Every structure is written in C-alpha cells, then in structure tokens.
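Some notes on the structure that comes next.
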Amino acid sequence: MTLRSVVIGTGSALPRQVVTNAELAERVDTSDEWIVERTGISTRYIAAPDETTSSLATDAGRKAIEAAGIEASSIDLIVLATATPDQTFPATATIVQSNLGCRGGIAFDVAAVCSGFLYAVGVADSMLRTGMAKRALVIGAETFSRILDWEDRATCVLFGDGAGAIVLEAQEQTGENPRGVLVTRLHADGAHNQLLYVDGGPSTTGTVGKLRMKGREVFRHAVVNLAEVLREVLDDAGLATTDLDWLVPHQANARILDATARKLSMPSEKVVMTVGQHANTSAASVPLALDQAVRDGRIQPGQLVMLEAMGGGFTWGACLVRM
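Position 236 of the sequence shown, counted from 1, bears residue number 259 in the numbering used here, the numbering being contiguous throughout.
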C-alpha cells in the first residue's frame, strides 16, 4: 500500500460584483472586441471593500469542507497560496484557520503568484505523505484588483478576484489506479523577474505597488514552459497525453490555453476553460476551474486530471491527480 493525498472535496468563491468588458471600456481606452480577441475574457469579478482575500478564501474553504463531508476541526493543515494577502503578516492562512474554527494545526501562506496553488499542493502533499498532517485544506485566493493599474489597459483587463480550495486527505491506496496526487513537478527562474512583477514591497518602496507585465514575452515563455512541464509529469508517471481525462490549466489567456493544448495534441473538449467568465485570478485560477468542472459533473471520481500553471518569478509547474 502507498500513502497518497486524495482530493475529497472542492470549493470556490467569487466576489458579488461582475464587471463586463463594456463597463471597463467606460474607464479605460478599450473595447469588448479588443479584449475578447486578444484574451477570450468577457467578464471578471471584482472584490468590494468588505471582500478580502481571507473572506473569499474562507468561503471557498468552507464549501470544500462541506463537499468533503467532514468537520472543519479535523483540518490540521492549511496552505494558502496568494500574492495579495490581507496583511504583510501574519499569514492570511491563519485568519482563515480562525474563521473556520480549525485552530491549533499548521497554517501558512505560499507566494508563487499564478503557480501558487500548484506549489501549495506540492507542499501539502509532501507534509501529508510524511505524516505531519492527516487532512489539508489547500487554497488559492486573490484580490488582484487591489494591485492593478486601472489606467493600464494592457493589464487591468486581464485580471479578476476569487478563491478556490480543495481538501486533501492522507489515505492508503492499493491497486493499479490509485487515487490522489500522483506526480508534481515545480520550477522557477528568477532571471525573468522584470517580465511580470509588482513595482513595490515593504523592503523596497514601503508600498504595495502595482502589477507590471510585458505580455508578449510572458506569452512566449508560458507556452514553452507549460508544454515542457506537462510532458515531464507525464513521463514521470509513465503516461501519454491520451491517458488524460482532463487538463485544468491556469486561466490566464485563451490563446495561451489553445497554444498549450495544440503543443500537447490535447483536444479542446478535454480542456477546462473558465477564463472567459473569471479572467486571470492568479493563484485562485486552477482551483476555481477545478471546482467548477467537479460541480457541473464533467470531472468524475477515478479520472486523471492534469493541473498546470505559470506565474511571475517566473514560476511554473504541473500536478497529475486521480480524482
């Protein structure tokens, strides 16, 4: 028997306010046609002043716990991926821990931007398999609208706010098709810092700063890096693209998703796409899409699902899970 981290519940949360491309066009020099043609995005959710990263993360976490059919008090590990924490410290995960009433276990944040959820899954999986915890709540949550330059039409149209979560449980698995996290591979290359970054921070400017991105260069790196890491995971698992039931990618740009799928010869009907409704929600993007596909019945127990993402840093990674 092998100890695996099995997904036993998923959840997600979105702010109340939906902002359309037409509404954005009233604020910046853009249009619905321009945004859709270049990104595939039609709407995004923007957090109100009373909606924070922790409140969205708490809602998503609560739904994942309910879907798992367990008590919140049984969660002994919370790993929260975010680039937009409530405070510089303490970790937003500790706020979520208190909100959910599962105090006393391990709780901390992971900062890897859009790849954050994959990094958080990797960390939680390692801790579950080594016995440091038995049940983990893994969350990706962002309020990216707080760090956008709303006068920069090249970036402000791309992002939105939201949260997604999964509950992982350490379970002994047997047989040829064990459930759980099978392979995770993570990478980073800090040489590309200036292609996607925030121009502020406590140690440099003493301010939060705003997001800056060189979109064309990011696009080029994303397509290459994601295709490579997906093949790396498949090779490690001894599988082919045709063995996958679903690809749940980071929802950054419809063109990146299409290009990555073509490189892998992955049919579009096997790719979960929510970027049109949610835009790029950074670390929340993958778990949001995963929860949507689980709840609408596309993703079924026993299916092979590939998760992948790339974000600022650059960081990137992929994770193969049997649901």
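Backbone N, C-alpha and C fix where the C-beta goes; we use that ideal spot for every residue, glycine too. If you're wondering where the values come from, they're calculated on a predicted model, not measured in any experiment.
- Query: Given a threshold of 16 other Cβ atoms within 10 Å of its Cβ, counted over all protein chains shown, does Met296 qualify as buried or as exposed?
  - Reply: Mapped onto the sequence shown, residue 296 falls at position 273. With 16 or more other Cβ atoms within 10 Å, it is buried.
- Query: Between which two residues does the alpha helix (DSSP H) carrying Gly335 extend?
  - Reply: Numbered from its first residue, the sequence shown carries residue 335 at position 312. Premise fails: Gly335 is in no alpha helix (DSSP H) and is neither H nor E.
- Identify whether Glu195 lies in helix, strand or coil by the three-state DSSP scheme. By one-based count along the sequence shown, residue 195 stands at place 172. Glu195 falls in the strand class under three-state DSSP.
- Per-residue burial, Pro310 [other beta carbons within 10 Å of its own, 16 or more giving buried]: Taking the sequence shown and counting its residues from 1, the one referred to as residue 310 is at position 287. Pro310 comes out buried.
- So, is Asn216 buried or exposed, given that buried needs 16 or more other C-beta atoms within 10 angstroms? Locating residue 216 in the sequence shown gives position 193, counting from the first residue. Flag for Asn216 reads exposed.
- Quick one: complete alpha helix (DSSP H) runs, 4+ long, within the segment 39-66? 44-48 and 55-62
- Task: Pick helix, strand or coil for Ser28, following the three-state DSSP scheme.
- Result: What you label residue 28 is simply residue 5 of the sequence shown in a count that begins at 1. It is a strand residue.
- For Glu125, the three-state DSSP class (helix, strand or coil): Here the question's residue 125 lines up with position 102 in the sequence shown. Note that residue 125 is Cys in the sequence shown, not Glu. Cys125: coil per DSSP, three-state reduction.
- Query: Is DSSP giving Arg208 helix, strand or coil here?
  - Reply: Position 185 of the sequence shown, counting from 1, holds the residue named residue 208. Here Arg208 sits in strand by DSSP.
- Item | Span of the alpha helix (DSSP H) around Gly139 | Along the sequence shown, read from residue 1 onward, the residue named residue 139 stands at position 116. Unbroken alpha helix (DSSP H) run through Gly139: Gly139 to Arg152.
- Message: Using 8 Å as the threshold, is the C-beta distance between Ile279 and Lys233 below it?
- Response: In the sequence shown, residue 279 corresponds to position 256, counting from 1. In the sequence shown, residue 233 corresponds to position 210, counting from 1. No, the pair does not count as a contact, with Cβ atoms beyond the cut-off.
- Nearest-angstrom Cα separation, counted from Gly154 out to Ala193: Residue mapping note: residue 193 aligns to position 170 of the sequence shown, counting from 1. Residue mapping note: residue 154 aligns to position 131 of the sequence shown, counting from 1. One C-alpha to the other measures close to 8 Å.
- For the candidate residues Gly203, Pro38 and Asn276, whose alpha-carbon lies nearest to that of Val59? As a position in the sequence shown, residue 59 is number 36, starting the count at 1. Of Gly203, Pro38 and Asn276, the residue nearest in Cα terms is Asn276.
- Query: Do you know how far the Cα of Pro290 is from the Cα of Pro225?
  - Reply: Here residue 225 refers to the residue found at position 202 when the sequence shown is read from its first residue. Here residue 290 refers to the residue found at position 267 when the sequence shown is read from its first residue. Computed Cα separation, rounded: 44 Å.
- Item | Sequence-distant residues of its chain with Cβ nearer than 6 Å to Asp172 (five each side left out) | Position 149 of the sequence shown, counted from the first residue, corresponds to residue 172. Result list for Asp172: Lys233, in chain order.
- Message: I'd like the list of long-range same chain contacts for Phe140, defined as Cβ closer than 6 Å, with 5 residues on each side in sequence excluded.
- Response: Position 117 of the sequence shown, counted from the start, is the residue given in the question as residue 140. Closer than 6 Å at the Cβ level, and outside the excluded window around Phe140, lie Ala104, Gly163, Ala306, Val309 and Pro310.
- Closest by CA to Arg208, which one among Leu257, Lys293, Ala341 and Ala156? If you number the sequence shown from 1, residue 208 lands on position 185. Looking at the Cα atoms, Ala341 is the closest of the given residues.
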